[in-house]
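Student: Take this structure first; my questions come after.
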Amino acid sequence: MSFFANLAAQVESFFDPSCYDETKDETKDDDFIEQQLAAEEHRYDSFAAVRHDAQVKYFVDGQNYCWAVSEAIAHAQECIYIEDWWLTPELYMRRPPSKYPEFRLDRLLKRKADEGVKIYIVIYKEVELALTLDSRHTKDTLQSLSENIIVLRHPDHNLGGTFFWSHHEKFVVVDNRIAFLGGIDLCFGRWDTHGHALADFNGNDPESELFI
């Protein structure tokens with residue numbers, strides 16, 4: 129069925145009383161009311177109640193965050209979910225790179241994929257005229273490493289006409305047990321230390337370089 133034929137069918141069904149399912153709408157209303165009542169009992173009308181004694185840690189700088197993420201990924205047994213605005217396969221999760229070459233992101237993900245871990249990644253498909261994130265490079269590079277790595281670029285601006293929003297979610301979930309939520313993409317320019325040095329101060333020793 130063509131696009132216009134499908135659209136016409138949808139419009140016709142909208143005005144056809146026989147297509148109106150009151151039971152279906154009542155079910156939706158009941159679900160909505162139930163959610164509202166539950167939210168009224170939660171702080172700030174949240175959909176979820178406050179949970180105590182949760183194992184939570186916050187990160188400020190990219191150094192600690194990237195190290196923790198690399199540790200979680202290294203211990204993954206079943207699945208890894210990643211969603212980022214920008215993801216750089218060549219990012220070194222641990223520094224200096226000369227000491228931890230195996231913890232470059234693409235190498236780390238390949239190692240886990242080769243072990244049978246399923247890896248699912250969603251990245252923002254940028255408007256190429258405005259941004260240079262090169263999400264195509266990210267997808268092609270990672271998917272070429274293993275069949276267990278699946279990368280989705282979204283949204284499709286040409287087909288959907290979507291220009292005014294982007295995927296800014298940044299999370300990593302490992303084995304549905306450990307989750308990293310917040311504002312750090314796994315990409316260039318995010319790794320930093322608590323001292324916030326502007327550049328390397330290691331003389332002429334390339335083995336000690338941190339920012340590459």
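Counting with this note's numbering, you get residues 129 to 340 for the letters of the sequence shown.
The C-beta atom is built at its ideal place from N, Cα and C for all residues, glycine as well.
Fair warning: this is a prediction, and the values are worked out from it, not measured in the lab.
(1) Would you report the Cα separation of Y193 and K185, rounded to the nearest angstrom?
(2) Tell me the start and end of each unbroken alpha helix (DSSP H) in the segment 158-207 that is at least 4 residues and wholly inside, in chain order.
(3) Going by beta carbon distance, what residues of the same chain come within less than 6 Å of Y252, once the five residues before and after it are set aside?
(4) Going by the beta-carbon positions, is the gap between G190 and I278 smaller than 8 Å?
(5) Just to confirm the assignment, what range does the beta strand (DSSP E) spanning L280 have?
(6) May I ask you to verify whether the segment 300-308 touches the segment 224-244, counting CB pairs closer than 8 Å and requiring at least 3?
(7) Our contact map puts L273 next to K238 with C-beta atoms below 8 Å; I'd like the distance itself, whole angstroms only.
(8) Grouping DSSP H, G and I as helix and E and B as strand, with all else coil, what is F299?
(9) Nearest CA to the CA of D320: which residue from V302, H265, T269 and F187?
(10) Starting from I312, follow its DSSP beta bridges and name the residues at the other end.
(11) F231: buried (16+ other C-beta within 10 angstroms of its C-beta) or exposed?
(12) Does DSSP put A307 in a helix, a strand or coil?
(13) Looking only at DSSP bridge pairs, what is R232 linked to?
(14) By alpha-carbon positions, which one of V245, I247, K246 and H265 ends up nearest to E254?
(15) Pull up the distance between the alpha-carbon of E169 and that of L215, whole angstroms please.
(16) Quick one: what does DSSP say K240 is sitting in, helix, strand or coil?
Tutor: Taking the coordinates as given:
(1) Rounded to the nearest angstrom, the two C-alpha atoms are 10 Å apart.
(2) Here the runs fully enclosed are 190-202.
(3) Cβ neighbours of Y252 within its own chain (closer than 6 Å, five residues either side excluded): W213, S294 and H295.
(4) G190 is not a Cβ neighbour of I278, given a cutoff of 8 Å.
(5) Residues I277 to H282.
(6) Judged by Cβ distances under 8 Å, the segment 300-308 makes no contact with the segment 224-244, as fewer than three pairs qualify.
(7) Indeed they touch by this definition, with Cβ atoms about 4 Å apart.
(8) Here F299 sits in strand by DSSP.
(9) The residue with the shortest Cα to Cα distance from D320 is F187.
(10) According to the DSSP secondary-structure assignment, I312 is paired through a beta bridge with no residue.
(11) Burial is judged here by how many other beta carbons sit within 10 angstroms of a residue's own beta carbon; F231 has at least 16 and is buried.
(12) Residue state, collapsed to three classes: strand.
(13) DSSP output for R232 lists Y220 as bridge partner(s).
(14) For the residues V245, I247, K246 and H265, the minimum Cα distance to E254 belongs to H265.
(15) Straight-line spacing of the CA atoms in E169 and L215 works out to 39 Å.
(16) Of the three classes helix, strand and coil, the one that applies to K240 here is helix, per DSSP.
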